[in-house]
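Residue 496 in the working numbering sits at position 511 of the sequence shown; the count goes up by one each step and never skips. Step one of this worksheet: look at the structure below.
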Amino acid sequence: MQLIRQENFNKKIKENFDYNFDVDERGLYSISITATCRSGKQIGERGGEDLRVEIDNQSFREIPSEKNIQLYNIPASWNGTKLKGLNKTVVFILWLEKGNHKITFIPDRGAKIENIKTEFIESTSKIKFDLGKQAEDGDRRPWYTFVLIDLPLKQIKAEVTTKWRFPDSDDVKLIIDGKTRKNKWSIFHRYWCWAGTVVKKLRSKEIEEKKFEENLNSGIHYIEFWADKTPTLHNVALDFGEFKEPFLKGWITDPNEDIREVSLRSEPSNKREDTIIAKISVGEEVKILEEIIEGDHVAFRSNIWHKVEHRGQEGYILSTYIDIVGRTTKQIQEKIIKKAKELKVDPEIILALAECESHFKQYAVSKADAKGIMQLAPILIEDLNDPHRPYYNPIDNEFDIDQNISGGIKYFKWLYYERYKNDKDRLRKALAAYNSGHNSVEVGKPLELELYEGQTKRIVDCAQNHLKKKTFKKILKSLAKVGIGLFLIVQLFSFYEALIEPENEIITYPGDNSANVIQTVRNTEPDTQLLEFPSIVWDKDVEKLAFFNKEAKLVKIIPIERLDLDLIFSEFVSENSIYIADEFIEFPENVFYFLISTFGYCGASGNCTWGLYQLDIEKDKLALIDDGIFGSGISFYLSPDNKNLAIERSVHGGICNYGNYFDVIDLENFEKTEVRKLMNQEKYWVNLIESLEWINNNEIKIKTEQFNCDDNEGPLLKRVLFYDVRSGKVRILESKISKFQGAG
């Protein structure tokens, strides 16, 4: 094995910690993590410390699977009650793609990370770990765990030394996928495969190698070695047998969020119906046989296709319709946020720009041959490779996610913070210049956007719309909250101080009568975790929702079972897959309106199908108002008399299909009106809401902008509309049509 990276941390953590590393080639790797947790007695609390990890956002659960998912206190985690402060090493063996990867450490009450080691495994059939590790002195506890990810196991061999001592000898237990391998030669040590005995000591046979035939199919497998006293684990050899290197995996997605299946074709082209081999439903998994196939260009999408296999059939699917495992929209957004912060650029702007340019698609290709997530045009790539440019960022692969993101952000940073830094409308200029080239946007002169191509105007309008609606501020906020759990701000005045306090701030959440949950939040960043009240917090570890009112007072805790999600979402899998929308209201006092969705009902575009709930704290009444709110970036507008709720939502349907729409909910009888259906927009693909406000108890004023972004010279329609909730009719107060003009 080839050592890639090794770091000794000796680091205590009480909050989530991300460890990033790079690999130079696709292959089989081992990641060895040594850490420890203390028991409740050692830390003076009821219940000890726990630690679990996620690798590239993949979590690990119990084997065999139980009804309720268990992420802590499993072989792939660290449990203080069992370890009592002693070290445990977990070795993850898995296939990694070339590029950046992330290990997220998620502690409960605390943990200590000793070291992390990453190694490249040359042989993909047999591996031998030469360890030579002697256990710390302790009683019957987990010691070494090997986690096989998407791998089979034919055979395992281990060489162990167990010494006889009076009155307590060394012993080692082996557990594979929850089943203890028995010692058939011993009655007293039946469940300890290696045991120190006086006979072995006298015969000088305290070192033993044992072999176990397993023949397990590919999947996730846990191999555990437990230690009693101070045995030595000399080596562990794993034989995977003959197996094929796993293909890349992906699943079918629809950026438009309006179809249920895509076509598997016999050639990389969508021009002929007779090339369709089969239909594959959205959400189904495919094997990617060849990642990059150049084929026919599909407008506003790409000319890159994937050769795939599905249920024994091989064919081609446009890259737009496949999310590759390890490169999901969320993971790409996280990369953008990380790189933007590293380069000191507002990540919210970059997220909006990437959404509008490519919809976060790695293989997006425009008609002008701009490529990748940040849509790098050939002339820009040439500039990025020029060391004399202020935004120099070498690009040797336009589709490399990290290179593409870094190059795009550096170029935008130069536009926004340097070239147009003194212009009043520098954001619009930077966005326009990013799309059309900086030579087409003059410094110090007003931006006449109507003179530019429709594509440029669309990018500027689209990005500004997302920034106005704070679409990605909510994503930034939700990403920052992952894993934090429940926390209570006791005094409202101290809340603002906590946002900038550099020292650790211990925030105690009293819970209900059944639990006392303590979380630690350190160095909270005001721009990414804007805690506001009222607030609703979901703690997936205890599977409860906590409601805080306007005064930051905890007023209610409810178990997730009360939502009856399995009755609303037919694909509901577990409580760990739910999402809570960042938009909710409390009105009147102690009456909350909030939205819940689940992983199976959220597409790659960020659109979700939401259930809208009302919780009346005083009456202890929970009601489902509607289970069909669709979109993202949701905003609530309550009528002056509090009888109607307007829900504005963004629907992201890809590069040329997106918009803002709204529904009105009658809060007295829970009836919903989809106002979108009342607005004539058949001619116009894109509908942007500039503003929405209640004029009185019954009328809503809406300013909209609609256009067909497929037609550079098509009409742009600006309207002012009134919607009357009593009649259910929309009337037009003002309407103005203009045309795009090409830049020539």
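Every residue, glycine too, gets a C-beta built ideally from N, C-alpha and C.
In chain order, -14, -13, -12, -11, 14, 15 place their CB closer than 7 Å to the CB of residue 104, counting only its own chain and leaving out the 5 sequence neighbours on each side. Collapsing the DSSP output to three states places residue 574 in coil. The C-beta of residue 529 has 16 or more other C-beta atoms within 10 Å across all chains shown, which makes the residue buried.
Following the DSSP letters along the chain, one finds residue 16 inside the beta strand (DSSP E) bounded by residues 12 to 21.
Secondary structure of residue 457 (DSSP, three-state): helix. Across the structure, residue 709 and residue 429 are spaced so that their CA atoms are roughly 45 Å apart. By DSSP's assignment, residue 631 forms a beta bridge with 622, 649. DSSP places residue 140 within a strand segment (E or B) once states are collapsed to three. Fully enclosed beta strand (DSSP E) runs of no fewer than 3 residues occupy 156 to 161, 192 to 213, 217 to 224 of the segment 143 to 231, in order along the chain.
In the same chain as residue 722, and ignoring 5 residues on each side of it, the C-beta atoms closer than 6 Å to its own belong to 700, 702, in chain order. Close CB contacts of residue 138 within its chain, under the 6 Å cut and outside five residues either way in sequence, are with 199, 201, 206 (chain order).
A straight line joining the alpha-carbon of residue 119 with that of residue 32 spans about 28 Å. Residue 307 places its beta carbon less than 8 Å from that of residue 237.
Counting the other Cβ atoms within 10 Å of the Cβ of residue 151 gives fewer than 16, which makes it exposed.
Counting C-beta pairs with one atom in each stretch, the segment 85 to 99 and the segment 33 to 49 have three or more that are closer than 8 Å, which means they touch. In summary, residue 446 is buried, with 16 or more beta-carbon neighbours lying within 10 Å of its beta-carbon over all protein chains present. Nearest Cα to residue 572 within the set 566, 595, 533: 533. In this chain, the alpha helix (DSSP H) harbouring residue 66 covers 65 to 68.
Looking from the CA of residue 607, the closest CA among 614, 597, 613 belongs to 597. Taking residue 221 as the centre and dropping the five residues before and after it, the same chain places the C-beta of 114, 143 closer than 6 Å to its C-beta, in chain order. In terms of Cα proximity to residue 97, the closest of 69, 111, 126, 550 is 69.
Going by DSSP, residue 689 is part of the beta strand (DSSP E) stretching over 684 to 692.
Taking the Cα positions, residue 57 is about 28 Å away from residue 12.
Around the beta carbon of residue 329, fewer than 16 other beta carbons lie within 10 angstroms, which makes this residue exposed. Residue 123 sits away from residue 187, with the two beta carbons spaced by 8 Å or more.
Of the candidates 275, 281, 244, 268, 281 places its Cα closest to the Cα of residue 257. The residue from 452, 146, 153 with its alpha-carbon nearest to that of residue 178 is 146. Between residue 439 and the set 324, 334, 691, the nearest pair of CA atoms involves 691. The three-state reading of DSSP puts residue 443 in helix, counting H, G and I together. The Cβ-Cβ distance between residue 235 and residue 309 falls below 8 Å.
Residue nearest to residue 128 within the set 99, 211, 60, 156 is 211 (criterion: CA-CA distance). Residue ranges of uninterrupted alpha helix (DSSP H) with 4 or more members, entirely inside the segment 288 to 344 and ordered along the chain, are 314 to 327, 332 to 343. In the three-state reduction of the DSSP assignment, residue 426 falls in the coil class. Under the DSSP assignment, residue 88 falls in the beta strand (DSSP E) whose first and last residues are 84 to 93. Of the candidates 47, 218, 677, 293, the residue whose Cα lies closest to the Cα of residue 624 is 677. Look at the beta carbons and you see the segment 339 to 346 touching the segment 307 to 326: at least three pairs across the two are nearer than 8 Å.
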